[in-house]
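Take the position in the sequence shown, starting the count at 1, then add 55; the result is the number in the numbering used here. This report concerns only the one structure given below.
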Amino acid sequence: MQSFKMDPKSQNFVGIVVQMTILSVLLFVQSCSEEKSSDSEGRAGQVEILEDFKSTAVGEMIVAPGLQNKKVIKPLEDAWRRIDPKKDGWNSEVLSESATKKLKEMAIILRSPEKFKNSNMDQFADDKYNGGPLRPEVFEEYFKNKEFAVFRGNPDNANRVPLSAALNGLVSFFDSSSEIEVELKLYRINLLKYRFSAQVLVHISGPVKGQQIQINSEWNTFWTLSEEDPKLLGIEALSFEEVRRLGKGSEKLFADVTGSVFGEERAYLDQFLRSTDHWRSRLARDFGLDVVANHGIALGDVNGDGLDDVYICQQGGLPNRLFIRSPEGNLKDITAESNTGWIDYCASALILDFDNDGDRDLAISQDFKILFMDNLGDAKFELALGLGTHAQTFSITASDYDNDGDLDLFLCGYNPPAGYEGESGVMGEPMPYHDAKNGGKNKLLRNDGNWNFTEVTKEVGLDQNNDRFSFAASWEDYDRDGDPDLYVANDYGRNNLYQNNAGKFVDVSKELGVQDMSAGMSVSWGDYNRDGLFDLYISNMFSSAGNRITYQRQFKSDAESVQIEGFRRHARGNSLFEGISGNPFKDVSETTNATMGRWAWGSRFADIDNDGWLDLLVANGFITSPDSGDL
């Protein structure tokens, strides 16, 4: 997660990066089997395999049930062959993996002051190591408020010190009584004649005399040209930033109160604290249990006591949960008595007054359906309406787009329904990866009152470019003409900005420079620079592998430069667009240090330190499982 702060005096950003670890998982299916080759001969003929991609493997392809009539663009065995970069001719990735292994070993030692004290860090350096210090001696105060002070400096790269001394100068001032957090992430590599260089992002945080300190730095590292055991030839610090927490000693900005808020609630102890892997081993897949688990929450006052309650969407086979909040801040499970415990796969929900009767109702996206539940009073709900959708809906957002006094609903379609006839990969994946147009259809439901909703997607113009993998959307009157406009963040490609002109929409994303072709996960509107104009922040995906591979000469060597730039852009990270009066938005993502959100999901503008300037909160991460210790 990365938040930022604007200095009112200098009008510059300060990046405050909080470490989170991203585990990237490659899922594959092996489709070759020598034992069943005779059985597969008859079935393989039912699949049209393009001539350019016919299999050359020894074993025959086995067609998975349900794929007999699919057009196979590329056999999965080809992807399986390419998992090993050495076999695929990607020497840069072979060296990257070897260097990453060394960096991880270094990080493990650096995390423990006791282990670092008893370790010889020069073991990672070549005899010809020639590097400078990694922490500057002189700092300049860049930003300061009641919560944070940010200092920047340039290490003296002209001075030469051993690796062990450089690392000691970097971490020795942290308190020795507790472990510190250390991440060294290799994200760029350059092959030279007798060595290779690699750029590394460095994030270190921990207590110093009761004060929380975080280091954000970037290194240019040089290595011996060895696939098995590369050694460091030198490290040059390209940038250095130190963030110091002020005012409250060792206290962190946020405290995790989940356990105390839920207390002894059985739903929390027996359901929420158990992993997806736990439920996958106990529930049939037919329930809709998904390893990715794209499930959201909704906040709103369902019982009219003035306190926000919470509705939590769950995996298929597990009931959604509704909790009401007490004045003391505790949560009580009222799922059963409220009649809201749906056990189908639910991804998103809203707690809003859809029938204008004064209490908050509930809208739930349930796989390929949308459910409306009427609040009868005192948090007692009944199903008022259920409608089918054009796609698996991952998120929903409401606004009165036609200014008639009631809330309308926009559904973000992601996966298309069964029987989709458009081009897709062998497993139905997005194509092309960086600019896919084979996603599910979004849908706009107009609220006509008395629980009557009419689909008006095409009628109002929202069918333009309605073929993406839409993850999230947000309404805002960015052009200040009195009606809400709509921005849609799409995975695997370009986003949409639908300008609302008296109830009719036009996609102006290209015209206004906010297509943001990447892996759109969320969107948030806010005025970060307090100029009175709305700015736009989109969560995407920062990929260290993507940043390495797309800058190699052998990457898509026959592609045009604009295509390669598209792939590079896909891996860059999050985007911040500044609103400019009468002109297209301005991409200020890199100049404001707003890109590094890791594998980002939800994002939100919020003034977290109450100084009057909007900060950024980004939720990030990916699939994890218990560490077995042997992988």
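Where a beta carbon is used, it is the ideal one built from N, C-alpha and C, also for glycine. A quick note: this is a predicted structure, and the numbers were derived from the prediction, not measured.
Through-space distance from residue j to residue i, alpha-carbon basis
i, j, result
"leucine 82", "phenylalanine 677", "For leucine 82, the predicted model reports a pLDDT of 31, less than 50, meaning its position is unreliable and no value from the coordinates is stated."
"valine 255", "asparagine 146", "18 Å"
"glycine 621", "proline 168", "43 Å"
"tyrosine 493", "leucine 158", "Note on identity: in this sequence residue 493 is asparagine, with tyrosine being the wrong assignment. Rounded to the nearest angstrom, the two C-alpha atoms are 40 Å apart."
"isoleucine 163", "valine 237", "8 Å"
"aspartate 433", "leucine 241", "54 Å"
"aspartate 429", "valine 515", "27 Å"
"asparagine 13", "aspartate 536", "Any answer about residue 13 is impossible in this case: the structure gives the chain only from 56 up to 686."
"asparagine 175", "leucine 165", "11 Å"
"glutamate 645", "aspartate 364", "38 Å"
"glycine 558", "leucine 442", "23 Å"
"asparagine 638", "aspartate 538", "19 Å"
"serine 680", "aspartate 345", "14 Å"
"serine 336", "aspartate 325", "15 Å"
"asparagine 545", "arginine 523", "6 Å"
"asparagine 520", "aspartate 562", "8 Å"
"tyrosine 249", "threonine 155", "19 Å"
"serine 573", "glycine 587", "28 Å"
"asparagine 551", "leucine 499", "14 Å"
"glycine 186", "serine 450", "50 Å"
"threonine 509", "aspartate 503", "7 Å"
"glycine 667", "alanine 310", "22 Å"
"tryptophan 334", "threonine 448", "23 Å"
"arginine 380", "serine 272", "42 Å"
"serine 227", "isoleucine 398", "52 Å"
"leucine 431", "aspartate 356", "13 Å"
"aspartate 416", "asparagine 505", "13 Å"
Cut-off 7 Å between Cβ atoms - residues of its own chain near residue i, not counting five sequence neighbours on either side
i, result
"valine 149", "Pro140, Lys141, Glu282"
"phenylalanine 251", "Leu150, Ile244, Asn245, Trp278, Leu280"
"glutamate 531", "Pro539, Asp540, Trp580, Phe589"
"asparagine 470", "Ala446, Gln447, Gly495"
Cβ neighbours of residue i in the same chain (closer than 6 Å, five flanking residues each side left out)
i, result
"phenylalanine 342", "Gly371, Gly372"
"tyrosine 691", "The first residue shown for the chain is 56 and the last is 686, placing residue 691 beyond what the model contains."
"alanine 322", "Arg376, Asp388"
"phenylalanine 194", "Phe206, Gly208"
"serine 579", "Tyr592, Ser658, Arg659, Phe660"
"glutamate 633", "Asp590, Lys641, Val643"
"histidine 489", "Gly621, Phe622, His625"
"asparagine 212", "Gly187, Glu291"
"phenylalanine 229", "Ile235, Gly261, Val263"
Sheet register partners of residue i (DSSP bridge)
i, result
"tryptophan 580", "Leu591"
"glutamine 421", "Cys401, Lys424"
"tryptophan 145", "Answer by DSSP bridge pairing: none, since tryptophan 145 is not bridged."
"arginine 250", "Thr279"
"valine 543", "Ala528, Asn551"
"isoleucine 352", "Ile367"
"lysine 435", "Answer is none; lysine 435 lacks a bridge partner."
DSSP-derived helix/strand/coil call for residue i
i, result
"histidine 333", "helix"
"arginine 603", "helix"
"asparagine 555", "strand"
"isoleucine 259", "strand"
"methionine 176", "helix"
"asparagine 223", "helix"
"glutamine 447", "strand"
"glutamine 609", "coil"
"glutamine 269", "strand"
"leucine 442", "strand"
"arginine 380", "strand"
"isoleucine 367", "strand"
"phenylalanine 465", "strand"
"glutamate 392", "helix"
"aspartate 341", "helix"
"glutamate 164", "The sequence shown places isoleucine at residue 164, rather than the glutamate named in the question. Residue state, collapsed to three classes: helix."
"alanine 674", "strand"
"phenylalanine 171", "helix"
"alanine 687", "The question about residue 687 has no answer, for the chain in this structure spans 56 to 686."
"lysine 159", "helix"
"phenylalanine 409", "coil"
Below-9 Å beta-carbon distance, residue i vs any chain B residue
i, result
"isoleucine 164", "Structure shown: chain B not included; a single protein chain is present."
Other residues of its chain near residue i: CB distance less than 8 Å, five sequence neighbours each side excluded
i, result
"alanine 348", "Thr331, Gln370"
"leucine 462", "Leu407, Asp408, Phe409, Ala453, Ser454, Asp455, Asn502"
"asparagine 214", "Gly187, Pro188"
Minimum length 3: unbroken beta strand (DSSP E) runs contained in the region 285 to 324: 287 to 300
Minimum length 4: unbroken alpha helix (DSSP H) runs contained in the region 194 to 246: 218 to 226
Start-end ranges of the alpha helix (DSSP H) lying completely within the region 614 to 660, minimum 4 residues: 616 to 625
What ranges does the beta strand (DSSP E) occupy inside the region 474 to 541, keeping only unbroken runs of at least 3 residues that lie completely in it? 498 to 502, 508 to 510, 524 to 531
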